[in-house]
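One structure below.
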Amino acid sequence: MKRPLLAALSQGLRSRLSATPLGRVLTRVLRRPIPIFYDPAYRLPLPAFEGRMGGEPRRADFVAWYSQEDPLLSHCVLRAPERVSYDDLLRVHTPSYLDSLLQPETLGHIFATDPSEIPVDELLRSVRLGCGATVEATQWVLKRGGSAINLHGGFHHAARAHGSGLCAFNDLAVAIAVARSQGFAGQVVILDLDAHPPDGTADCLAADPLCFVGSLSGSDFGALGNVDETRLPEGCPDEPYLAALDALLKRIPKPQLALVIAGGDVLSGDRLGKLGLTLLGARKRDRIIAQALAGVPTVWLPGGGYSPDAWKALAGTVLAVAADSEQPIPNDYDPLRSRFVSIASAISPSRLGGSSELTEDDLADILGAPVERRRLLGFYTPEGLEYGLSRYGVLPFLRRLGFDKFRIQLQRSSAGGDTMHLYGTGAKGKEALLIDCSVEQQQQGNDPILYLHWLSLRNPLAQFSNRRPQLPGQSAPGLGVAREMVEVLGQVARRLGLSGVAYRPAYFHTAYPARHRFRFIDAQRQGRFLALIRDLSHLSLLEASTALAEGRILLGGNPYQWEADEMVYWLVPRTDDERQIEQTLAHCHFTVAAAPTSHHSTTTGKEGTPR
Ligand SMILES: [Zn+2]
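According to the working numbering, numbering within the sequence shown proceeds without interruption in unit steps and concludes at 611.
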């Protein structure tokens, strides 16, 4: 197959071309459209996942949104996949294994999550959509040539008769089995560049002599007979990694179909992968492969990724595959914020309840009626809040956790200001409080701000367990929407013309989800917070919070107590005392003392083996 015209241009020329309106049209016309398979339900309905595993549970969402914003990717088309059929799963997996997946215990084992926290149908929907997308992407490239990308797949630890390491179905093996059943008899090459070895894929494909599996990893799972394995040393940086890739590419047979797992857990600082690549190194990896496989029908899959930058590695895969580009994702680009700003601008104020007319509150005050507040901050009606939370994706996610029939109640807060209670009905038809939020408009110096007295996110269907220990201040496990709520509060403040949002996190785990937006007012305090995040980055949030609560975090050798202090999310430009923050960051070093017992450990051995 000939190289497309645009690919022959230099990268700089292509970037410049795509920056002009005419160039964008030309790019779209001349480039082969590249399907990106994505569904909002790719995000696993497991709220504790981020706290325990690290990484970004919204990875697929972020990359899908990013692909719609970057002009270099204007020829990429988001495609919603179908769920893989039971019949297709049976081509690879045993019936008894598939039956066992209806038990929350089996899924809890695979996803290292307490069974009480597993919404079985919804979790199976996520993984069936991901698996179905790999099947569809394979069909697509076999029919049309070129490349396709699936933002949720590469479940290479799933074997024929059991799942493990966050992998329930082996989407690669299922996609190949479906293609084989339709008469495709060509050579398949799987390049597994996740940081962990493809034990499940080796098992599933053992009987297919025309499947070559090549793996570069940083872990030893024992010998995998039919896999061309290269185990790289711990912390392996870009150069030797890319040299090993080069050597692997020289050994592969000539493929008629290729599946690439462009693992995001190869990055330095990944909590579960042991390699040490930079984002640029991962991008070079993907470009080298894309160039080596030019003309071969190729499906790209993300595999694992357990560092905050893992989504950027996947966005990088899309940029490498679709635009042969090394353009970095801008440091200040935040996909969640960008998304929420664009949703906010599309919501009419009248839909949320606000108007400059006399409000019911005003009337109540004037008429001396009982002070039952019907508007939050004198603006939002319960219906408006419900609409907003739905548009921002909060209610749809809560629905996936098993709640429905949402109801919002507003009242005056005991702390001053207003309280919003969001109730939802869970399984067995019982209504429960899910979100409890108290806000008030206050002054911070000369600035009017939105003060958050408290925000409690509660999942009454889930239980605390060894895997999900109760943290100080928690009355129920969380809902996994803290970051969304932070952005929602930012949009509320923006809409009301306030300068920012402030609160006082009583614990590390209540400050952590806000770290992207909020800063401590005191520069030294902010420096210590950043140092704490830096020095505890090898722990999951649950491990770090537990260690803090147990007094095992030391600063200069002495037990460190969390300092509750005001944090602000400024919507208006501020000059922070960066030098003071940097100095404190450089001087503060936190260490972790060993746990007295291991009952809180979230290290789960083989069961938690990551993908
Ligand atoms: Zn992995």
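Beta carbons: idealized from backbone N, C-alpha and C, even for Gly.
All of these numbers come straight from a predicted model, not from anything done at the bench.
Nearest neighbour of Pro233, chosen from Ser217, Thr591, Ala243 [CA to CA]:
Ser217
Taking 7 angstroms as the limit between beta carbons, can you name the residues of its chain near Arg552, skipping five residues before and five after?
Val592, Ala593, Ala595
Compute the minimum distance between the beta carbon of His589 and the heavy atoms of ligand 1, and state whether it is under 7 angstroms.
no
Proximity to Glu229 [Cα-Cα], best of His196, Arg525, Glu487:
His196
Which residues in the same chain as Thr20 place their Cβ atom closer than 8 angstroms to its Cβ, once the five residues preceding and following it in sequence are excluded?
none
Which residues mark the beginning and the end of the alpha helix (DSSP H) in which Trp562 is found?
Run containing Trp562: none; DSSP gives neither H nor E here.
Between the segment 167-175 and the segment 117-131, do at least 3 Cβ pairs fall closer than 8 angstroms?
Contact holds: three or more Cβ-Cβ distances are below 8 angstroms.
Is the separation between the beta-carbon of Phe508 and that of Ala531 shorter than 8 angstroms?
no
With the cut-off set at 8 angstroms, would you say Val439 and Gly500 are in Cβ contact?
no
Proximity test, Asp265 beta-carbon vs ligand 1 heavy atom, cut-off 7 angstroms:
yes
Where does Lys254 sit, in a helix, a strand or coil, going by DSSP?
coil
Spatial distance of Tyr333 from Lys312 (CA atoms):
Going by C-alpha positions, Tyr333 is about 10 angstroms away from Lys312.
Out of Gly186, Glu487, Gln463, Ala292, which has the shortest C-alpha to C-alpha gap to Pro477?
Selected option, being the one with the closest Cα: Gln463.
Buried or exposed: which applies to Leu90, given that a residue is buried once 16 or more other Cβ atoms fall within 10 Å of its Cβ?
exposed
Could you tell me whether any non-hydrogen atom of ligand 1 is closer than 7 angstroms to the CB of Gly304?
Taking the Cβ of Gly304 as the reference point, at least one heavy atom of ligand 1 falls within a distance shorter than 7 angstroms.
Distance, Cα to Cα, Phe221 vs Asp199?
7 angstroms
Closer than 7 angstroms: His196 CB and nearest ligand 1 heavy atom
yes
Please find out if some non-hydrogen atom of ligand 1 comes closer than 7 angstroms to the beta-carbon of Gly273.
yes
Do Phe614 and Leu422 have their C-beta atoms within less than 8 angstroms of each other?
Examination of residue 614 is not possible in this model, given that the chain is present from 1 through 611 alone.
What three-state label does DSSP hand Ser85 in the structure shown?
coil
Segment contact, 8 angstroms Cβ cut-off, at least three pairs: the segment 249-264 with the segment 299-316
yes
DSSP state of Gly608 mapped onto helix, strand, coil
With a pLDDT of 43 at Gly608, under the threshold of 50, the predicted position of this residue should be treated as unreliable, though the coordinate-derived value follows. In the structure shown, Gly608 sits in a helix (DSSP, three-state: H, G or I).
Whose CA, out of Glu578, Ile533, Ala482, lies closest to the CA of Ile521?
Glu578
Pick out the complete alpha helix (DSSP H) segments inside the segment 126-181, 4 residues or longer, and give them in chain order.
171-181
Where does Asp114 fall in DSSP's three states?
coil
Report the residue ranges of all alpha helix (DSSP H) runs contained in full by the segment 434-496; include only those spanning at least 4 residues, in chain order.
482-495
Over what stretch of residues does the beta strand (DSSP E) that includes Ala290 continue unbroken?
It is not in any beta strand (DSSP E) - Ala290 instead sits in the alpha helix (DSSP H) that spans 279-292.
CA nearest to the CA of Gly388, picked from Ser348, Arg251, Leu479:
The residue with the shortest Cα to Cα distance from Gly388 is Ser348.
Under the DSSP definition of a beta bridge, which residues are partnered with Phe37?
Arg79, Asn150
Can the beta-carbon of Gly154 be found less than 8 angstroms from the beta-carbon of Asp194?
yes
When DSSP labels each residue in this structure, what does Lys405 get in the three-state scheme?
Strand at Lys405.
So, at 8 angstroms on beta carbons, what are the nonlocal neighbours of Leu46 in its own chain, with the 5 sequence-adjacent residues on each side left out?
Pro57, Phe111, Thr113, Glu117, Ile118, Leu123, Gly480
So the candidates are Asp447, Leu433, Pro505; which of them puts its Cα closest to the Cα of Arg574?
Asp447
Measure the alpha-carbon distance for Thr546 versus Arg59 and round it to whole angstroms.
Going by C-alpha positions, Thr546 is about 26 angstroms away from Arg59.
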